[in-house]
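J.: Would you mind keeping the following structure in view while I ask a few things?
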């Protein structure tokens, strides 16, 4: 359950990161809102959800006979890769926003 939510939040974070430069320049109000929201979703939310999944997965492994599915591992890794991509995209945009608004 958590791993699917993690993949969803990572993809939404990437979409917000891609949408930010399409809405305007780094000095526009919506640019930094989209970039920060994308960073929170792709970064914080995804990593927390992946951690919750890992904890739940380890608990299940310790209880009884456990058979993991290849799909679960694939989705977990895909969510992690998508999170890194989303974090990189939005971090660059946040840096652009800060450099354009704070720097002279």
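Numbering (full-length UniProt numbering), first residue to last: 1 to 104. Every residue gets a Cβ at the ideal spot worked out from N, C-alpha and C, and that includes glycine.
Does the segment 65 to 82 come close enough to the segment 7 to 21 to have 3 or more Cβ pairs within less than 8 Å?
T.: The segment 65 to 82, when compared against the segment 7 to 21, does touch it at the 8 Å Cβ threshold.
J.: Candidates 44, 36, 49 and 84: which alpha carbon is nearest residue 98's?
T.: As a working note, residue 98 is residue 98 in the chain shown. When only C-alpha atoms are compared, the closest one is 36.
J.: Any idea what DSSP makes of residue 101, helix, strand or coil?
T.: Within the chain shown, the letter at position 101 stands for residue 101. Three-state result, residue 101: helix.
J.: Is the separation between the beta-carbon of residue 86 and that of residue 17 shorter than 9 Å?
T.: Taking the first residue of the chain shown as 1, we reach residue 86 at position 86. Taking the first residue of the chain shown as 1, we reach residue 17 at position 17. Cβ atoms of residue 86 and residue 17: closer than 9 Å.
J.: Between residue 41 and the rest of its own chain, which residues show a CB-CB distance below 8 Å, the 5 nearest in sequence each way excluded?
T.: Position 41 of the chain shown, counted from the start, is the residue given in the question as residue 41. Only 9, 10, 12, 13, 16 and 86 meet the Cβ criterion.
J.: Please identify the residue among 64, 24, 66 and 75 whose C-alpha is closest to the C-alpha of residue 50.
T.: Here residue 50 refers to the residue found at position 50 when the chain shown is read from its first residue. Closest option to residue 50, Cα to Cα, is 75.
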